[in-house]
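In mature numbering (1 follows the signal peptide of the UniProt record, and there is no 0), the protein residues as written are -16 to -1, 1 to 68. Only one structure is covered here, and it is reproduced in the block below.
See below:
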């Protein structure tokens, strides 16, 4: 195996290890957590929307995601799909 191939495989594994959208992090989500706590766990959301004290943020895409709904600054409910 060439040095270039080994370097490429190492980079791919490092990127996969950095993925915060996984079952382990999903299991750490709890109702009542603040937005700041969730973002420390999952990073910046892919998108957010909301109105009148309620908001919803999503991390990921349509195949693999974590979605969190907030009432004010606190987690109300959350869901996920395609997590490993």
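Beta carbons are placed, not taken as given, at the ideal position from N, Cα and C, and that holds for glycine. For clarity, every value in this text was computed on a predicted model and none was experimentally measured.
Next item on the list: Can you tell me which of the three DSSP states residue 52 falls into?
Entry: strand
Notebook entry, point to check: So who's on the other strand from residue 35, going by DSSP bridges?
Noted result: 38
Check: Are there 16 or more other CB atoms within 10 angstroms of the CB of residue -14, so buried, or fewer, so exposed?
Finding: exposed
Item checked: First and last residue of the uninterrupted alpha helix (DSSP H) at residue 11 -> 7 to 12
Note to self: So for residue 68, helix, strand or coil by DSSP?
What the structure shows: coil
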